[in-house]
Each structure stands twice: as C-alpha cells, then as structure tokens.
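Participant: Numbering (full-length UniProt numbering), first residue to last: 1 to 188.
Yeah, the Cβ is synthetic: ideal placement off N, Cα and C, and Gly gets one too.
Quick one: structure below, then a few questions.
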C-alpha cells in the first residue's frame, strides 16, 4: 500500500486527481479466501466407541485435525495434517502418518499413539505408549506412566506425505524429553 501511494504521488503520475481511487490487483487467491468447500466435520473424529476410523490420503491436505471423546477405537490418519489434537480418549490406538506441526494429547488414558510430527506434547494423561519420529523433544506436562519408543511405521504414501508436510529430517528420540512435572517436583 505504501509503495502504491508513493508511486502515485510522483510527478509522472500528476494526472491522477485528488479523489481518484486506485484498486489493487485482486487476481490473487489465498487459502483463507476460499473456504466455501471445506466442511469442518471432515476434520474431526468424535464420540467413537469401538470403531475403526480412517482418513485416507488426500483427505486432510495439511489442515488441522481433531480426535475427541473416543473409547476403544482404532484411528488411522494416513494423510499429512497441519496439527492434530487428541482429547479425552481412552483405550484407543491412534496412528498419525505425517504432521507438519504439533500433536497434542490431552486428558487421555490407556492409549497407544504412533506419530511422525514436528512437536509432541501431552498433558493430564495417564498410561500412554508413545512411538515417535519427532523434530523436537517431547513435552510431558502433568502426565504419568508415559512410555516412549521410536516410530516403526510404514504405509504406501508415508514418504510422500512426509515430503508434503515440509519437514526437515527428523530423528528418533527416546531419552530426550521435557518432563515439566518431574522437574517441578524435583526442585520443590
């Protein structure tokens, strides 16, 4: 806008009147300007009970995804996601193929989570078995009986989804994690 205004005020554009309106190029389209074809329910698995839930490749396409209030479910996210939140789940097995952002696990218990992500966080959870391929150290807050291992996962589109998720090379981390509950109680 500043460049446009200063360009109009130069002597070569002196023919432009004081009340002339100059329109900017409207040919550009942005992801937030065309959401008419997006249904929010396509990005949520909720209230499952003993079911198998699958998101196939090319169904999430980098959007955020929410898994909530599931019990005894098998959840497969086989597409790249921007971020994944897992809330209030119990006795579930959750597989997340490629996430370019964070995987948040909150208020869950007795779950198995396999994830390839940029960041992993858990809060207020109990008895989780986590297998990760993660860029940063996992963060554990107010959670107990959490086991970590390296991710061993393969499906046909995993490599392609990982490239689309634009992640740099990740490392398997088992011994490096941030346990804020342990650090707080150790010092007090």
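1) Can residue 60 and residue 89 be called in contact, C-beta distance under 8 Å?
2) Do residue 100 and residue 125 have their beta-carbon atoms positioned less than 8 Å apart in this structure?
3) In the DSSP output, what is residue 68 paired with across the bridge?
4) Find the nearest neighbour of residue 84 within the set 98, 108 and 127, judged by alpha-carbon distance.
5) Beta-carbon within less than 6 Å of residue 109's beta-carbon, same chain only, minus the 5 sequence neighbours each way: which residues are those?
6) Using 8 Å as the threshold, is the C-beta distance between residue 39 and residue 69 below it?
7) Determine the extent of the beta strand (DSSP E) in which residue 55 is found, giving its start and end residues.
8) Who are the near neighbours of residue 50 in its chain, counting only those whose CB is closer than 6 Å to its CB and skipping five residues on each side?
9) Less than 8 Å between the beta carbons of residue 136 and residue 118, yes or no?
10) Could you give the distance in angstroms between the alpha-carbon of residue 54 and the alpha-carbon of residue 145?
Facilitator: Answer, in terms of the structure:
1) Translated into positions along the chain shown, residue 60 becomes position 60. Translated into positions along the chain shown, residue 89 becomes position 89. No, they are not a contact pair.
2) In the chain shown, the residue the question calls residue 125 occupies position 125. In the chain shown, the residue the question calls residue 100 occupies position 100. Taking 8 Å as the Cβ cut-off, residue 125 and residue 100 do not qualify as a contacting pair.
3) As a first step, residue 68 must be located in the chain shown, where it is residue number 68. In DSSP, residue 68 forms a bridge with 46 and 87.
4) Residue 84 sits at position 84 when you count from the first residue of the chain shown. The residue with the shortest Cα to Cα distance from residue 84 is 98.
5) Counting from one through the chain shown, the residue named residue 109 turns up at place 109. Here the set comprises 90, 126 and 127.
6) Residue mapping note: residue 39 aligns to position 39 of the chain shown, counting from 1. Residue mapping note: residue 69 aligns to position 69 of the chain shown, counting from 1. No, the Cβ-Cβ distance between residue 39 and residue 69 is not below 8 Å.
7) Position 55 of the chain shown, counted from the start, is the residue given in the question as residue 55. 52-55 is the extent of the beta strand (DSSP E) around residue 55.
8) Taking the chain shown and counting its residues from 1, one reaches residue 50 at position 50. Within the same chain, residue 50 has close Cβ partners 72.
9) Here residue 136 corresponds to residue number 136 of the chain shown, with the count starting at 1. Here residue 118 corresponds to residue number 118 of the chain shown, with the count starting at 1. Yes, Cβ-Cβ distance for residue 136 and residue 118 is below 8 Å.
10) Indexing the chain shown from 1 puts residue 54 at position 54. Indexing the chain shown from 1 puts residue 145 at position 145. Roughly 28 Å between the two C-alpha positions.
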